[in-house]
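Residue numbers (our numbering), protein chains in the order written: chain A, 1 to 140; chain B, 141 to 280; chain C, 281 to 420; chain D, 421 to 560. The block underneath contains the structure these notes are about, expressed in structure tokens.
There are 4 protein chains.
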Amino acid sequence: MPKSFTHEIRVGWGDCDPARIAYTANIPAWALEAIEAWWEHLLGGPGWYHVEFDLGWGTPFVHMELDFRAPITPRHRLICTVTPTRLGTSSIAFRVTGSQADSLCFEGGFVCVFIRAGSLEKRAVPPEVRSAVTPLLAPA
Amino acid sequence: MPKSFTHEIRVGWGDCDPARIAYTANIPAWALEAIEAWWEHLLGGPGWYHVEFDLGWGTPFVHMELDFRAPITPRHRLICTVTPTRLGTSSIAFRVTGSQADSLCFEGGFVCVFIRAGSLEKRAVPPEVRSAVTPLLAPA
Amino acid sequence: MPKSFTHEIRVGWGDCDPARIAYTANIPAWALEAIEAWWEHLLGGPGWYHVEFDLGWGTPFVHMELDFRAPITPRHRLICTVTPTRLGTSSIAFRVTGSQADSLCFEGGFVCVFIRAGSLEKRAVPPEVRSAVTPLLAPA
Amino acid sequence: MPKSFTHEIRVGWGDCDPARIAYTANIPAWALEAIEAWWEHLLGGPGWYHVEFDLGWGTPFVHMELDFRAPITPRHRLICTVTPTRLGTSSIAFRVTGSQADSLCFEGGFVCVFIRAGSLEKRAVPPEVRSAVTPLLAPA
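Right under this line is the structure:
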């Protein structure tokens, strides 16, 4: 897996508001979709559905922050880059950026905790995740 | 319960597209929200969540059709009216209309089947639903 | 352009409801996304954004109907097929189907009218659309 | 206008994911809806639609951060509280919290800049906004 994983978003007419740019609330949703695609690529199954129902754990979000740098429009695909930045005892942090035509549109940080599926009970990072993710870590 | 149940939708900036009107895909979503609010009112619990997890059945949609009569904007609340139109052995049909400022914006028909929760297995209309809904039925 | 254009949808965790299948309201939204991708392919610009702001017309929906045949899950990509079925003086109709793992999940019919951008005024099908779409028409 | 404005969200079946709780990406969307409702209450018109098309300015978001404290479910309405926390030369910051059954579910901070409608050009806070908002400011 590359250190920086990219996921492409098709920005449509219905994603834009009357100011003719993507409505702000779509942007964290796209960042989450990119993070889910990252898990899909890492684990080889359908994202959080695979994590929850096949592997028996989950990674709910406890924090997100985003800076919006430039408007997003349907004129170009939005290329989201996902990089894991920190792996704690039972947490993982990601940096996600989104660009159109090589120009930065947003950047954000996201923190998730590891839990047992179907509970709110924290658990340690699964060993197979730790070994796969450690080489991918990059400073925030 | 009134024969015609109404549910109010707040149309926001983010619901509108660059043509300055509600994006079409939001309209079936609002009709479904109105039908869920109808169940909530009928049964006294939180909609399909209550139906699935407290009562043990479900009502997945098998058909929908909508005619769009006039654009929807944030200038007025959208008033959705839900009327059950037919109760079969294991199905229910609804008519839903949406109006702004007393002018019809959309009208639609929806058909759901009754299943056991967590399965695709059809079941008969629960007797308490049949007795509560029969007096509310109105021709489509 | 092939007679049957396909557009792939990534079904994610957030698209699913507590019954572990795609929430019904996402399905018409995906069908619309597939129709917009069809326009994008036909015209070579970013969908309805291109149509409205570069070409000066629009194609609002006046009717949709959908039959839901099987649940949709994140286990497979959803392959949507878009076929134009009728071209009137100032309208176009589409058939859209969605399949997962070669099994039909939904099928639907959609009708749009041609208008001048920024108005509700009907206009004739643009000649370049008529000539490009006529060879693609297939019976509903 | 009260110092702390509240806006109620109906959490539905379709807002929840297979973990039976509201999908994370809905939460910033609800916070934005609450902020738009705050503007609606302050200005007496339909939110950002009124701001953009009647008043001629806009307030795009440049930053958001959220901490997720407890899961959100359809069992209760989600009560969002919006408080302006800072008014700069051409910016405004808000604190938004969301609670269910008196228990905190999320808290967040949001920053918007004032622009001329239809542009990316910054402008000063409109005087009528400054005079209406200054008495409402509360520490973050």
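Here a beta-carbon is modelled for each residue, glycine too, at the ideal position from N, C-alpha and C.
Would you verify that the beta carbon of D17(A) is, or is not, closer than 8 Å to some beta carbon of chain B?
-> As a working mapping, residue 17(A) is identified with position 17 in the first sequence. So, interface residue.
Using a C-beta to C-beta distance shorter than 9 Å, which residues of chain A count as neighbours of G282(B)?
-> Past the boundaries of the shown model lies residue 282(B); chain B is included only from 141 to 280, so the question cannot be answered.
Under three-state DSSP, which class holds H216(B)?
-> Within the second sequence, residue 216(B) is the residue found at index 76, counting from 1. Coil, per DSSP.
Proximity winner among G368(C), H343(C) and I315(C), relative to P211(B) (alpha-carbon distances) = The residue given as residue 211(B) occupies position 71 in the second sequence. Here the closest residue by C-alpha is H343(C).
Compare the beta carbon distance of F61(A) and F488(D) with 8 Å and say whether it is the shorter of the two.
-> Translated into the one-based positions of the first sequence, residue 61(A) becomes position 61. Translated into the one-based positions of the fourth sequence, residue 488(D) becomes position 68. Against a cut-off of 8 Å, the Cβ pair of F488(D) and F61(A) comes out as a contact.
When the cut-off is 8 Å and only beta carbons count, does E401(C) lie next to chain G?
-> No chain G is part of this structure, whose protein chains are labelled A, B, C and D.
Sub-8 Å separation of C392(C) and H287(C) beta-carbons | Sequence index remark: in the third sequence, residue 392(C) carries index 112 (1-based). Sequence index remark: in the third sequence, residue 287(C) carries index 7 (1-based). Contact: no.
Does the beta-carbon distance from P438(D) to R300(C) come in below 8 Å?
-> Here the question's residue 438(D) lines up with position 18 in the fourth sequence. Here the question's residue 300(C) lines up with position 20 in the third sequence. Yes; because the gap between Cβ atoms is below 8 Å, this pair is in contact.
Out of E107(A), L137(A), V129(A) and P135(A), state which residue places its alpha-carbon closest to the alpha-carbon of I27(A).
-> For this step, residue 27(A) is matched to residue 27 along the first sequence. Checking every option, the nearest Cα to that of I27(A) belongs to E107(A).
With DSSP as the reference, label L475(D) as helix, strand or coil.
-> Here residue 475(D) refers to the residue found at position 55 of the fourth sequence. DSSP places L475(D) in helix when its eight states are reduced to three.
Nearest to K423(D) by CA position, among V502(D), W450(D), T444(D) and G467(D), is which residue?
-> The count along the fourth sequence starts at 1 and reaches residue 423(D) at position 3. Per the Cα distances, V502(D).
Keeping to the same chain, check which residues put their C-beta closer than 8 Å to that of H461(D); ignore five residues upstream and five downstream.
-> The sequence position of residue 461(D) within the fourth sequence is 41, counting from 1. Only M421 and F425 meet the Cβ criterion.
Give the interface partners of V368(D) over in chain A, defined as CB-CB distance under 9 Å, in chain order.
-> With chain D covering 421 to 560 only, the question about residue 368(D) has no answer from this structure.
Mind listing, in chain order, the continuous beta strand (DSSP E) runs of no fewer than 3 residues lying wholly within the stretch 335-408 of chain C?
-> 341-348, 358-367, 371-380 and 383-393
Of the residues S379(C), P407(C), T365(C) and I289(C), which one's Cα is nearest the Cα of A418(C)?
-> As a first step, residue 418(C) must be located in the third sequence, where it is residue number 138. It is T365(C).
I429(D) bridges to which residues according to DSSP?
-> Within the fourth sequence, the letter at position 9 stands for residue 429(D). Partner(s): L498(D).
P266(B) to W178(B) span [Cα, whole Å] = Locating residue 266(B) in the second sequence gives position 126, counting from the first residue. Locating residue 178(B) in the second sequence gives position 38, counting from the first residue. Rounded to the nearest angstrom, the two C-alpha atoms are 16 Å apart.
For the ligand ATP, is there a heavy atom less than 7 Å away from the beta-carbon of N26(A)?
-> By its list of ligands, the structure shown contains no ligand whatsoever, and the ligand ATP lies outside what it can speak to.
Going by alpha carbons, who is nearest to A31(A) out of V96(A), C105(A) and E121(A)?
-> Mapped onto the first sequence, residue 31(A) falls at position 31. Considering only alpha carbons, the answer is V96(A).
Residues bridged to A169(B) (per DSSP) = Here the question's residue 169(B) lines up with position 29 in the second sequence. The partner list for A169(B) (beta bridge, DSSP) is empty, contrary to what the question assumes.
List the endpoints of the continuous alpha helix (DSSP H) containing Y189(B).
-> On the second sequence, residue 189(B) is found 49 positions in, with the first residue counted as 1. Residues G187 to H190.
Cα separation between Y469(D) and R536(D)?
-> Within the fourth sequence, the letter at position 49 stands for residue 469(D). Within the fourth sequence, the letter at position 116 stands for residue 536(D). Y469(D) and R536(D): Cα-Cα distance of roughly 14 Å.
Examine chain A for any beta-carbon lying closer than 8 Å to the beta-carbon of G327(C), and answer yes or no.
-> The sequence position of residue 327(C) within the third sequence is 47, counting from 1. Under the Cβ distance rule, G327(C) counts among the residues neighbouring chain A, one pair being separated by less than 8 Å.
Per DSSP, which residues does A22(A) bridge with? Please list them.
-> Looking up residue 22(A) in the first sequence gives position 22. C16(A), per the DSSP bridge assignment.
Taking F534(D) and S511(D) to be in contact with their CB atoms under 8 Å, please state how far apart those CB atoms are, rounded to whole angstroms.
-> Position 114 of the fourth sequence, counted from the start, is the residue given in the question as residue 534(D). Position 91 of the fourth sequence, counted from the start, is the residue given in the question as residue 511(D). Taking the Cβ atoms as the reference, F534(D) lies roughly 7 Å from S511(D), within the contact range of under 8 Å.
Measuring alpha carbon to alpha carbon, tell me which of G154(B), D194(B), I175(B) and T199(B) ends up nearest W259(B).
-> Here residue 259(B) refers to the residue found at position 119 of the second sequence. The question names Trp, but residue 259(B) in the sequence shown is Ser. When each option's Cα is compared against that of S259(B), the closest is T199(B).
Partners in chain B for L462(D), counting only beta-carbon separations shorter than 8 Å | Locating residue 462(D) in the fourth sequence gives position 42, counting from the first residue. Chain B residues near L462(D): none, gap ~15 Å exceeds 8 Å.
Own chain, CB closer than 7 Å to S523(D), minus 5 neighbours either side, in chain order | The residue labelled residue 523(D) in the question sits at position 103 within the fourth sequence. So the qualifying residues of the chain are A490.
In chain order, what residues of the same chain lie with their CB nearer than 8 Å to the CB of Y163(B), ignoring the 5 residues before and after it?
-> Your numbering for residue 163(B) matches position 23 in the second sequence. Excluding residues within five positions, the ones whose Cβ falls inside 8 Å are D155, C156 and D157.
Closer than 8 Å, CB to CB, is R215(B) near chain D or not?
-> Within the second sequence, the letter at position 75 stands for residue 215(B). Chain D places a beta carbon closer than 8 Å to that of R215(B), counting this residue as a contact.
Test: R20(A) CB closer than 8 Å to a CB of chain B = Within the first sequence, the letter at position 20 stands for residue 20(A). Yes, its Cβ sits closer than 8 Å to a Cβ of chain B.
Could you name the residues of chain A that E316(C) contacts, counting a contact when the two beta carbons are closer than 7 Å?
-> Counting from one through the third sequence, the residue named residue 316(C) turns up at place 36. Neighbourhood of E316(C) in chain A, by CB distance below 7 Å: G12 and W13, in chain order.
So which residues on chain A does E428(D) lean against when the C-beta distance must stay under 8 Å?
-> For the purposes of this step, residue 428(D) is taken as the residue at position 8 of the fourth sequence. Per Cβ cutoff of 8 Å: no residues; E428(D) is ~18 Å from chain A at best.
Separation of A280(B) from A264(B), as counted between CA atoms | Looking up residue 264(B) in the second sequence gives position 124. Looking up residue 280(B) in the second sequence gives position 140. Cα to Cα, the separation comes out at about 22 Å.
Check the Cβ of L312(C) against every Cβ in chain A and list those closer than 8 Å, keeping chain order.
-> Numbered from 1 along the third sequence, position 32 holds the residue referred to as residue 312(C). The contacting residues are G14.
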